[in-house]
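With full-length UniProt numbering applied, the sequence shown closes on residue 547, and no number is skipped along the way. Backbone N, C-alpha and C define an ideal beta-carbon position, used for all residues, glycine too. First the structure, in the form of structure tokens, and then the observations on it.
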Amino acid sequence: MSFERTGSIFSGLAGAYVQREAHVVSLFPYAFPDENALALRARRMTATDSYPRSELSSLLEGYQRRLADLAGLEGSSNRAADQARRLAEANSLAVVTGQQAGLFTGPLYTIYKAVTCINLAKRLEAKTGQPVIPVFWVASEDHDFEEISHIKLLQGEKTVVITMTSRPDEDRFAIGHRTLPEDLAVTLESFLSHLPQSEHRLPWEETWHRLLTGPTGPHEHFAALLHKLLGPYGLVILDPLLSGLKQLPRCASFFASVLENEVSLREGLSRGVEQIRRLGYTPQVEKGPEETSLFYFHQGRRLAILRDGRGYRLRGAEITFSRDELLDLAQRQPDLFSTNVVTRPLLQDQLLPTTAYVAGPGEIAYFAAYRDVYRAMGMEMPPIVPRLSVTIIEGFVDKLLERYALSFADVPAGLEGRLREELAAQDELGIGALFEELESQVRAAYLPAVERIARWDRQMGNLAEENLDRVIAQARFLRQKVEHRHRQRCQDKRNHFRKVELHLWPGAPQERVYNIFPYLLKYGSSLIETLLEAPVEWLDSHCLFRC
């Protein structure tokens, strides 16, 4: 297994950020990648003693042990729990990332975010000499079930979609308030039927079957799998719906503070959005004039809190609050409140001494608008570090690249042009030139007769022209048939090019389409261990991972 560095595949604002283009970097308080900036942030976090380190550490340590039990790892050492315990130390720091709770861990990039988080935490700990804890924030409060309900696998020469069903009575429920589908076993069997047989499969099969009943919902199913996968490397998983978390004083005061500072938050976001627009990019987040930055849990459903005159109302429900009522609820019952895409990172950084946040390209575009949002809450946005970006190139695909003198850079734009070149090189008949010459000869033979007939009789001249068109059409029909037979003879080449595209760029970056487990079952834990060796210095690039 080996890495090769190539140009970043991030585009738009995120692409400009990883390339350190000054006009985009200026939107962020810290430059990337700058170890001095990370060290400065670490010193600032160390000097801030108001984080609930001890209380949060206790909650997270207990949660890592629950995840280990769910995954069947009870009795074994629990490095994630050990790391959670270290968070209680007075000078502890955190590197944070997060993602929705995707089915069977979702697409590959979820794993790459977690791996980057672990790598960066290890690097910062070595530099600062302080405990640096890698934390993965599970987006259990998100209610977009469609986004997490399916994964894609490559089966032969086609992509297969595995889907988890939802319950109609749980519409708009947060993922963490949903129950596991009753037919999850059917989903699992479909998943298993498309996975390779290998020596690494049985332990994971046992885990997947065990998780049919233990977790409280899709979020814990996801968290338990991620814990088994990366807990041994110290990844601490945080669920914002974890019992007791929102009862921490910092959480209750946070929701009230968001409501009290709503005008400043909205104005800060507007400034950030306008800056992005002036740079020629499309903002990833905008808010309507009546939208606040919070949701409210009502009868299980997660509903947006909207301004309504001097008070508030819930979208989709006939429920209103005065300002004082909502502020009082935020203080007394913080479990009723949930952050949105703007305030989620703010809550994260109220609870954790975040020294860096590991972001995907979409998140980078979001954070570009948030500098003044943080300031509105008296906070500073942390350094934003791009996640590891990877394409896995298996041996048989690498051989095809070599056979046809292709590089990875050829693949994103499509290989049809290169395929035509290959087919043309195999065309000993010279089909194109042969039929172009034939058509030219037919025209040369026909046109003098057509012209003489037209001078003799216009109507017969028109018929002669139609006759020429029919002869040319027949010649072109023959050309199509000959080309079709040539393509049949070249089908192996077509299959090879199609295989390269399906494996490396199936209509989008591989990391955004496929799931980790087919690769993990083929290559075992060495796959993860090698990913954990990816150089942090390459985060501004794309990595080709040959295995």
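What's the gap between the Cα of Ala369 and the Cα of Pro386?
-> 16 Å
Residue from Gly432, Leu521 and His503 whose Cα sits closest to the Cα of His484 = Gly432
Local conformation of Asp142 per DSSP, three classes | coil
Thr179 versus Thr165 - alpha carbon distance | 11 Å
Within its chain, find whatever has a CB closer than 6 Å to the CB of Asn495; leave out the 5 residues flanking it on each side and keep chain order.
-> none
Can you name, in chain order, every residue of its own chain whose Cβ lies under 7 Å from the Cβ of Ser526, other than the five neighbours on each side?
-> Met1
Looking at Gln275 and Ala365, is the spacing between their C-beta atoms short of 7 Å?
-> no
Sorted by chain position, which residues of the same chain lie with C-beta nearer than 6 Å to Val482's C-beta, five sequence neighbours on each side aside?
-> Ile431
Please name the residue or residues paired with Ser338 in a DSSP beta bridge.
-> Phe295
What is the rounded straight-line gap between the Cα of Gln19 and the Cα of Glu537?
-> 13 Å
In angstroms, rounded to a whole number, what distance separates the CA positions of Val390 and Phe545?
-> 7 Å
Between the Cα of Ser149 and those of Glu501, Leu226 and Thr163, spot the shortest distance and give me the residue it belongs to.
-> Thr163
Name, in chain order, the residues that DSSP records as bridge partners for His503.
-> Partner(s): none; His503 has no beta bridge.
My guess is that Ala37 and Pro383 are in contact by the Cβ rule of under 8 Å, so how many angstroms apart are they, rounded?
-> 6 Å
Can you tell me which of the three DSSP states Gly117 falls into?
-> In the sequence as displayed, the identity of residue 117 is Cys instead of Gly. Helix.
Below 7 Å between beta carbons: does that hold for Gln83 and Ile133?
-> yes
Phe173 - DSSP class collapsed to helix/strand/coil = strand
Would you say the region 219–226 touches the region 314–323, given that touching needs at least three Cβ pairs under 8 Å?
-> no
Can you tell me whether Thr97 is buried or exposed, with buried defined as 16 or more other CB within 10 angstroms of its CB?
-> buried
Pick helix, strand or coil for Gly524, following the three-state DSSP scheme.
-> coil
C-beta atoms of Trp137 and Leu238 nearer than 7 Å | yes
For the beta strand (DSSP E) containing Thr48, list its first residue and its last residue.
-> Here Thr48 belongs to no beta strand (DSSP E), and DSSP marks it neither H nor E.
Would you give the residue range spanned by the beta strand (DSSP E) that Arg420 belongs to?
-> Element bounds for Arg420: not the beta strand (DSSP E) but the alpha helix (DSSP H), Glu416 to Ala425.
Which of the three DSSP states, helix, strand or coil, is assigned to Cys251?
-> helix
Leaving out the 5 sequence neighbours to the left and right, which residues in its chain are closer than 7 Å to Asp183 when beta-carbon positions are compared?
-> Thr165
Would you mind stating whether Ser92 and Arg53 have Cβ atoms separated by less than 7 Å?
-> yes
Sequence-distant residues of its chain with Cβ nearer than 7 Å to residue 588 (five each side left out) = Since the first residue of the chain shown is 1 and the last is 547, residue 588 is not available in this structure.
Would you check if the distance between the CB atom of Arg65 and the CB atom of Ala81 is smaller than 7 Å?
-> yes
Inter-residue spacing [alpha-carbon to alpha-carbon] between Asp492 and Ser407 = 19 Å
Specify the secondary structure class of Val24 as computed by DSSP and reduced to three states.
-> helix
Taking the Cβ atom as the reference point for each residue, do Leu235 and Ala114 lie within a distance shorter than 7 Å?
-> yes
Of the listed residues Arg418, Tyr523, Ser253 and Glu74, nearest to Tyr51 (C-alpha basis) | Ser253
Is Arg455 buried or exposed, if buried means 16 or more other CB atoms sit within 10 Å of its CB?
-> exposed
Count the other CB atoms, across all protein chains shown, that sit within 10 Å of the CB of Ser8; report buried if there are 16 or more and exposed otherwise.
-> buried
Do the CB positions of Leu265 and Val135 come within less than 7 Å of each other?
-> no
Within its chain, find whatever has a CB closer than 7 Å to the CB of Phe104; leave out the 5 residues flanking it on each side and keep chain order.
-> Ile151, Phe191, Leu225, Asn515 and Phe517
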